[in-house]
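K.L.:
Here it is, the structure, as structure tokens.
Numbering (my numbering), first residue to last: 1058 to 1443.
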């Protein structure tokens, strides 16, 4: 982490700091140390890689805003009014949250973001209760704590029938903790995620499961097949043509869709990564948008969709009726979108950007799927001459 180099802030109780992000950006935040307590304020300002004059000017503007925020906070401290003291105290107390208190708050954050399946957080809470670590302070969690958590998952925690957790379950619990701590970083409660300090050997990896997807012909079969829940059919086929995850489809509002001449654009902040994505909407995607009927910009496009388990149950019935034998969940639509674009000749970089992937290696798996399909097709031709 680096200061902005301003001499006026070197001995200041509040300093501008930078945190490197996976996408190459740097998040700008304020580090406040007052009365022996430290708190962080993330400004939602970012420095981007400077590739031209425009990005250079953008970075200058971001730093000016950060400096303005710094000066404003310093003025608040200088006044030392009771209200300011209380505000500083409340900010500092936030960093003293226990792990169990943070997980309860994290659960509410996820619920407000539209996440329906919150049982994973409850299971994580029960694991920490079993470890006897529910009362550990969030800001004291370090690498050693994370290592003990991983060891307990692998060898200490047992199910109701006395069995150790399966490797896939251990991986899922690990992912829940990583997400909870990432959100704590974004909330300014901790400066970094201590799970990031674990090596690849210290963390649990899971074998890549088969990424099920639908072929273009199978998508056409679904289009021709009625579904008991029309909202599920429309939202699923919409996702097949834009690649949004279920969580992002749930919160999609009419205001997120804009039209400029004949060009339609969907712009959302993705639930999982909190990265903005901008996706052009073609005719096939727009075909599955319900009638707006005068709904305002803040109205949900697909209304209140049922819980994930109910959606997947309807998908199972619908796809079986269409003659599809694959195990289809809602997320299959995202895989379908990616493989369909690559099959039709789109380049890997473009598909990566449309999916909102931070690294192109996350998109590479789809290219591998297409490559395997080509190999299988050639092998079929070879067999004719055996």
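Each residue gets a CB set at the ideal place from its N, CA and C atoms; glycine is no exception. Quick caveat: nothing in here was measured; it's all calculated off a predicted structure.
Any idea what DSSP makes of residue 1366, helix, strand or coil?
P.N.:
In this structure, residue 1366 counts as helix in the three-state DSSP scheme.
K.L.:
Between the segment 1340-1359 and the segment 1305-1319, are three or more C-beta pairs nearer than 8 Å?
P.N.:
The segment 1340-1359 vs the segment 1305-1319: in contact.
K.L.:
Once the 5 residues before and after residue 1343 are set aside, which same chain residues still bring their CB inside 7 Å of it?
P.N.:
Within the same chain, residue 1343 has close Cβ partners 1321.
K.L.:
Would you give the residue range spanned by the beta strand (DSSP E) that residue 1074 belongs to?
P.N.:
Unbroken beta strand (DSSP E) run through residue 1074: 1071-1077.
K.L.:
Helix, strand or coil: how does DSSP classify residue 1083 here?
P.N.:
The answer is strand: DSSP assigns residue 1083 an E or B state.
K.L.:
Let's see if you can read the secondary structure: which residues bound the alpha helix (DSSP H) around residue 1243?
P.N.:
Per DSSP, residue 1243 belongs to the alpha helix (DSSP H) from 1224-1243.
K.L.:
Compare the C-alpha of residue 1098 against each of 1123, 1081 and 1420 and name the closest.
P.N.:
Taking only the C-alpha atoms, the option nearest residue 1098 is 1123.
K.L.:
Have a look at residue 1367 and residue 1374 and give me their C-alpha separation to the nearest angstrom.
P.N.:
Those two C-alpha atoms are separated by around 11 Å.
K.L.:
If we ignore side chains and look at the alpha-carbon of each, how far apart do residue 1205 and residue 1183 end up?
P.N.:
Roughly 16 Å between the two C-alpha positions.
K.L.:
Return helix, strand or coil for residue 1336, following the three-state DSSP convention.
P.N.:
Three-state DSSP puts residue 1336 in a strand.
K.L.:
Identify the residues that DSSP records as bridge partners of residue 1030: which are they?
P.N.:
Because residue 1030 is not part of the residues shown, which for the chain are 1058 to 1443, the question remains open.
K.L.:
In whole angstroms, what is the alpha-carbon distance linking residue 1252 and residue 1231?
P.N.:
Those two C-alpha atoms are separated by around 9 Å.
K.L.:
If the criterion is Cβ atoms closer than 9 Å, does the pair residue 1271 and residue 1381 meet it?
P.N.:
Yes, these two residues count as a Cβ contact at 9 Å.
K.L.:
Going by DSSP in three states, residue 1013 sits in which element: helix, strand or coil?
P.N.:
Nothing can be reported for residue 1013: it is not among the residues displayed for the chain, which extend from 1058 to 1443.
K.L.:
Mapping the DSSP letters down to three states, classify residue 1418 as helix, strand or coil.
P.N.:
Looking at residue 1418 - three-state DSSP - the assignment turns out to be helix.
K.L.:
Give the range of the alpha helix (DSSP H) segment to which residue 1407 is assigned.
P.N.:
Residues 1405-1412.
K.L.:
Under 9 Å between the Cβ atoms of residue 1297 and residue 1338?
P.N.:
The answer is no: Cβ separation not under 9 Å.
K.L.:
Report the residue from 1307, 1227 and 1128 whose alpha carbon sits nearest the alpha carbon of residue 1070.
P.N.:
If we check each option's Cα against that of residue 1070, 1128 comes out closest.
K.L.:
Thinking residue 1294 and residue 1345 are a contact (beta carbons under 8 Å), I'd like their distance in whole angstroms, please.
P.N.:
The Cβ separation is near 5 Å, so the contact holds.
K.L.:
Put residue 1353 into one of helix, strand or coil per three-state DSSP.
P.N.:
Coil, per DSSP.
K.L.:
Can you tell me which of the three DSSP states residue 1096 falls into?
P.N.:
Here residue 1096 sits in strand by DSSP.
K.L.:
Closer than 6 Å by C-beta to residue 1392: which residues in its own chain qualify, once you throw out the five before and the five after it? Chain order, please.
P.N.:
Same-chain partners within the cutoff: 1268 and 1270.
K.L.:
For residue 1156, which of helix, strand or coil comes out of DSSP?
P.N.:
Three-state result, residue 1156: helix.
K.L.:
Within 8 Å, do at least three Cβ pairs link the segment 1205-1218 to the segment 1160-1179?
P.N.:
No: fewer than three Cβ pairs fall under 8 Å.
K.L.:
At which residues does the alpha helix (DSSP H) containing residue 1208 begin and terminate?
P.N.:
Here the alpha helix (DSSP H) through residue 1208 covers 1200-1208.
K.L.:
Find the nearest neighbour of residue 1347 within the set 1336, 1308, 1317 and 1292, judged by alpha-carbon distance.
P.N.:
It is 1292 whose Cα lies nearest to the Cα of residue 1347.
K.L.:
From residue 1150 to residue 1156, what does the alpha carbon distance come to, in whole angstroms?
P.N.:
Reliability of the predicted coordinates at residue 1150 is poor, the pLDDT of 46 falling under 50, and no value is obtained from them.
K.L.:
Helix, strand or coil: which one does DSSP assign to residue 1301?
P.N.:
If DSSP states are grouped into helix, strand and coil, residue 1301 belongs with coil.
K.L.:
Using C-beta distances below 7 Å, list every residue in its chain close to residue 1282, excluding the 5 sequence neighbours before and after it, in chain order.
P.N.:
1375, 1378 and 1379.
K.L.:
Measuring only the C-alpha atoms, how far is residue 1258 from residue 1132?
P.N.:
Near 48 Å, if we compare the C-alpha coordinates of residue 1132 and residue 1258.
K.L.:
Compute the beta-carbon to beta-carbon distance between residue 1413 and residue 1334, rounded to the nearest angstrom, for a pair I have assumed lies under 8 Å.
P.N.:
With 8 Å as the limit, residue 1413 and residue 1334 qualify as a contact, their Cβ atoms being about 4 Å apart.
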